[in-house]
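Below is one structure, written out as structure tokens; the observations come after it.
Chains as they are written, first to last, in this note's numbering: chain A, 1 to 113; chain B, 114 to 495.
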């Protein structure tokens, strides 16, 4: 399993990568949605962590794109936005896990496991 | 042409005076009323026949009438002008005893009957009432804005601190997990304990942020059916109040259908006032100072566009525009646009900007959903 990170905040992006690598995961991190789109596709075995507040394309669109892949990977959304904005952005998504920032490593680890 | 007799001449003059919108009073050097036109009758509640020949102090509150006699004799003795040719705001007394503010200009004429003084009077009650209403509204807005700003500032701080705090927590967890699982890089128990304590403190800070955020998120806007155009006009009035508006062109293009938009009026007016204030600031140094305000219905939303003729917003400034504490102004915390966007989003709408440039000014667009009710549905359908 490869864990893909799509997060524009450099601190969050790197600390996520460092934590996941410390847990012996293979990690590919991107700071924009465009970077994810142009990289090799995540596979069904992979996990993609998507920040909802991306600068180029909104996180919800990225998640929709991922879910529509022929072999969609698992997806977890992360966000520092208000619950109202999260609800609005993710309207229509079924059973999508959202972890709110500040992000607890334990919550993330238990999701991965 | 035959010359009119003095009596005919005087009658004509009185006829003209009676058509004047302003009150006109003529008094002699003893302050006896010689002329009292129709506008004065309406203003003071006396018929001309009741006051002609009487002292003008009749039309003033008592504290002022004493001074008035003194002013007249002082002027007649010294020639020193306190009001003549200057004009000032004074108080008048209605026949029913009501004291009201009026603007008085006084001119002087030497006539065959001696010195006469001509007073032109304007009732400024309605202007005063508008000023008072605006002052009340402004005070209310400032107060509400302060409460809202504290809330929103809390939310802004929560949001801004979230990212670095997340990073701190993840880094600490990475170190703790790595050193716990990897015997080669194991830390001394004391060091590990310190790291765990640091992590707990970071988590405590995270808990505080979450509580701050929850207290703000719980608050729903207190919606009521509002005339959005009236909110725009009131915000405009507020912003223009006390500013130099010479040479400033305001273009209003308002959709008459927007009379029942369900919003919380105070914060929305705060957003509008903030956008208009920014627009005024943006055009301050421009050769052409124009602010265009447009309201319309599109895609089930009420949209207010505020466009200015300023220099536009440089592309590198756009990304930080709605972020907290990212102001380019000398005063203020840079929370205005961030709070405004947050208010719009809290209403289920949004605040966006087209930065303009290359001769175009910036355009801010406030979007608010038209809650679907019978009337709003009607608007949305159109």
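Even glycine gets a Cβ: it sits at the ideal position worked out from N, Cα and C.
Can you look up residue 185 of chain B in the DSSP assignment and give me helix, strand or coil? Reading the second chain from its first residue, position 72 is the one you call residue 185 of chain B. Residue state for residue 185 of chain B is assigned as helix, using DSSP reduced to three classes.
For the candidate residues B:379, B:283, B:388, B:424, whose alpha-carbon lies nearest to that of residue 252 of chain B? Start at 1 with the first residue of the second chain, and residue 252 of chain B comes out as number 139. Cα-wise, what sits closest to residue 252 of chain B is B:379.
Would you list, in sequence order, the uninterrupted beta strand (DSSP E) runs of no fewer than 3 residues that lie entirely inside the stretch 315 to 341 of chain B? Within the stretch 315 to 341 of chain B, the runs of beta strand (DSSP E) at least 3 residues long that lie entirely inside it are, in chain order, 337 to 339.
Which same chain residues end up closer than 7 Å to residue 450 of chain B when comparing Cβ atoms and leaving out the 5 residues on each side of it in sequence? Counting from 1 along the second chain, the entry for residue 450 of chain B is found at position 337. Contacts found: 434, 435.
Using a Cβ-Cβ cut-off of 8 Å, state whether residue 22 of chain A counts as contacting chain B. Numbered from its first residue, the first chain carries residue 22 of chain A at position 22. At least one chain B Cβ lies under 8 Å of residue 22 of chain A.
Tell me, please, which residues DSSP counts as bridged to residue 480 of chain B. Here residue 480 of chain B refers to the residue found at position 367 of the second chain. Answer is B:416, B:463.
Between the C-alpha atoms of residue 60 of chain A and residue 98 of chain A, what's the straight-line distance to the nearest angstrom? Here residue 60 of chain A is taken as the residue at index 60 of the first chain, counted from 1. Here residue 98 of chain A is taken as the residue at index 98 of the first chain, counted from 1. Cα to Cα, residue 60 of chain A sits roughly 11 Å from residue 98 of chain A.
With DSSP collapsed to three states, give me the class of residue 230 of chain B. Locating residue 230 of chain B in the second chain gives position 117, where the first residue counts as 1. Residue 230 of chain B: strand per DSSP, three-state reduction.
Host beta strand (DSSP E) of residue 224 of chain B (start-end): Reading the second chain from its first residue, position 111 is the one you call residue 224 of chain B. From DSSP, the beta strand (DSSP E) with residue 224 of chain B extends over 212 to 224.
When you compare each of B:308, B:127, B:239, B:382 to residue 352 of chain B by their alpha carbons, which one comes out closest? Looking up residue 352 of chain B in the second chain gives position 239. Cα-wise, what sits closest to residue 352 of chain B is B:382.
Rank B:376, B:421, B:371, B:385 by C-alpha distance to the C-alpha of residue 410 of chain B and give the top, closest one. Along the second chain, read from residue 1 onward, the residue named residue 410 of chain B stands at position 297. With distances taken between Cα atoms, residue 410 of chain B lies closest to B:371.
Are the stretch 19 to 35 of chain A and the stretch 273 to 287 of chain B in contact at 8 Å, needing three or more beta carbon pairs? yes
Please state whether DSSP places residue 241 of chain B in a helix, a strand or coil. Counting from 1 along the second chain, the entry for residue 241 of chain B is found at position 128. Note: residue 241 of chain B maps to helix in three-state DSSP.
Report the three-state DSSP secondary structure of residue 68 of chain A (helix, strand or coil). The count along the first chain starts at 1 and reaches residue 68 of chain A at position 68. Residue state, collapsed to three classes: coil.
DSSP on residue 106 of chain A, reduced to helix/strand/coil? The residue given as residue 106 of chain A occupies position 106 in the first chain. Residue 106 of chain A falls in the helix class under three-state DSSP.
Since residue 146 of chain B and residue 165 of chain B are thought to touch, with beta carbons under 8 Å apart, how far apart are those beta carbons, to the nearest angstrom? Along the second chain, read from residue 1 onward, the residue named residue 146 of chain B stands at position 33. Along the second chain, read from residue 1 onward, the residue named residue 165 of chain B stands at position 52. Indeed they touch by this definition, with Cβ atoms about 6 Å apart.
With a 10 Å radius around its C-beta and 16 neighbouring C-beta atoms as the bar for buried, classify residue 81 of chain A as buried or exposed. Working through the first chain from its first residue, we reach residue 81 of chain A at position 81. That one is buried.
Residue 374 of chain B bridges to which residues according to DSSP? For the purposes of this step, residue 374 of chain B is taken as residue 261 along the second chain, with counting starting at 1. DSSP output for residue 374 of chain B lists B:339 as bridge partner(s).
For chain B, find out if any of its Cβ atoms is closer than 8 Å to the Cβ of residue 101 of chain A; answer yes or no. As a first step, residue 101 of chain A must be located in the first chain, where it is residue number 101. Chain B contact via Cβ: present.
According to DSSP, is residue 191 of chain B part of a helix, a strand, or is it coil? Position 78 of the second chain holds residue 191 of chain B. Reduced to three states, the DSSP call for residue 191 of chain B is helix.
Against chain B: residues of the stretch 41 to 63 of chain A by CB proximity under 9 Å: 55
For residue 129 of chain B and residue 150 of chain B, what's the separation of their Cα atoms in angstroms? The residue given as residue 129 of chain B occupies position 16 in the second chain. The residue given as residue 150 of chain B occupies position 37 in the second chain. Residue 129 of chain B and residue 150 of chain B: Cα-Cα distance of roughly 9 Å.
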